[in-house]
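Numbering (my numbering), first residue to last: 12 to 385.
Glycine included, C-beta positions come from ideal geometry on N, C-alpha and C.
Here's the structure we're looking at; comments come further down.
Structure (structure tokens):
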């Protein structure tokens with residue numbers, strides 16, 4: 012188990028997903044402040060050893076319905092949206108207040124499915140989150156329930172957490188839950204059920220182990236957690252399911268508490284490059300000079316100064332091929348500028364971009380992490 016736990020303690024960037032039932036008392040609708048305070052101490056401990064942490068939090072609807080004194084039972088879509096609007100303020104303030112006790116700055120980010128599926132919005136969200144992490148803040152992400160509809164919502168924050176982990180190339184995703192892992196049978200009905208400490212492949216037998224149970228205030232279940240694992244593992248991100256019902260749940264995981272680790276076969280960087288190389292259609296082409304070709308082969312990013320021709324049209328974030336002056340394809344990458352802007356800055360130094368375009372963009376035409384060479 013120690014080797015598995017190192018996938019958590021040794022991760023550079025960690026996403027922690029918190030379910031509604033952990034944050035909000037079902038009977039009173041009030042925040043479990045003592046639990047969140049203990050969790051904030053765990054997060055402070057992680058940051059002290061150099062780990063970046065992002066939280067994906069449920070709870071806005073559960074808190075909001077209490078604040079607005081709404082009826083118990085299922086809510087209509089518009090009622091859920093109203094509850095989320097009221098609860099989100101309460102939730103954001105709670106995170107700000109409690110994490111401040113550990114001298115941690117938080118930043119709220121609300122996402123919809125389109126933010127992870129539409130390329131430009133995806134890039135903007137990714138850039139915002141990575142900038143916040145680089146500045147030492149802890150982003151707190153939730154689905155934007157006030158505008159999402161029943162047809163397009165994620166429907167649970169397990170998969171939202173996995174999409175966010177994929178978006179920011181996280182090394183580890185931890186789903187804090189009311190269960191402490193994946194079992195080979197339902198432990199509530201079969202006393203001999205055994206926890207599965209490690210999953211390396213999500214085959215049909217593993218997927219069949221998912222139950223349909225849901226908590227009173229949550230919308231997830233083991234089925235959604237396994238779907239989240241599919242997303243995370245494909246992105247090179249290890250995922251843990253462990254109990255969040257104890258105080259200091261992250262410290263408990265570190266100390267060897269029950270958990271299931273879904274082991275990714277590749278690192279996030281390798282998985283992303285593999286995806287770039289195989290999963291998208293090219294929208295354009297950049298021709299580079301011999302100096303840039305040599306730099307790319309040594310692991311460097313592609314700078315505007317090394318580009319001699321642009322074939323488009325394409326938009327920022329699109330995949331383009333990179334070729335040398337003989338027309339030989341060198342690789343493929345996600346370009347940081349539209350073809351219109353790229354034409355203006357090719358052959359120029361990165362320090363001249365702001366003056367030429369009127370805004371300060373990235374120094375690289377294609378960053379090395381966004382480039383897959385042949």
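With respect to the 8 Å criterion, residue 94 and residue 86 are classified as neighbours on the basis of their beta carbons. Judged by DSSP in its simplified three-state form, residue 272 adopts strand. Secondary structure at residue 60: coil, using DSSP grouped into helix, strand and coil. About 3 Å separates the beta carbon of residue 247 from that of residue 282, a gap short enough to meet the 8 Å contact definition. Of 362, 100, 117 and 121, the smallest CA-CA separation from residue 107 is found for 117. With contacts defined by Cβ atoms closer than 8 Å, residue 130 and residue 178 do not form a contacting pair. Per the coordinates, the alpha-carbon of residue 170 lies some 7 Å from the alpha-carbon of residue 235. In this structure, the CA atom of residue 353 is about 24 Å from the CA atom of residue 128. Nearest Cα to residue 258 within the set 20, 45, 324 and 385: 45. Contact between residue 384 and residue 341 holds, since their C-beta atoms are separated by about 6 Å, short of 8 Å.
In this structure, the alpha-carbon of residue 24 lies about 27 Å from that of residue 218. Contact check for residue 274 against residue 211 passes: the beta carbons are separated by less than 8 Å. The three-state secondary structure of residue 110, taken from DSSP, is helix.
Within the same chain, 34, 35, 74 and 105 come within 7 Å of residue 42 by CB-CB distance, once the 5 residues on both sides are set aside.
Taken through DSSP and simplified to helix, strand or coil, residue 18 comes out as helix. For residue 366, the uninterrupted alpha helix (DSSP H) run begins and ends at 364-368, by DSSP.
Going by C-alpha positions, residue 96 is about 8 Å away from residue 72. The Cβ atoms of residue 251 and residue 356 lie no closer than 8 Å to each other.
From the listed residues 17, 79, 288 and 121, the smallest Cα separation to residue 66 is found for 121. DSSP places residue 124 in the uninterrupted alpha helix (DSSP H) bounded by 124-128.
By a beta-carbon distance limit of 8 Å, residue 144 does not contact residue 260. Their separation comes to about 22 Å. DSSP places residue 250 within a strand segment (E or B) once states are collapsed to three.
With a cut-off of 8 Å on Cβ pairs, the segment 263-271 is not in contact with the segment 293-303, counting fewer than three such pairs. Its chain contains 26, 184, 243 and 248 as the residues whose beta carbon lies nearer than 6 Å to that of residue 176, once the 5 sequence neighbours on both sides are disregarded; these appear in chain order. Secondary structure of residue 298 (DSSP, three-state): strand. No residue range can be given for residue 85, since it is assigned to no alpha helix (DSSP H) and is classified by DSSP as neither H nor E. The continuous alpha helix (DSSP H) containing residue 75 extends over residues 71-78. In this structure, the alpha-carbon of residue 182 lies about 5 Å from that of residue 22.
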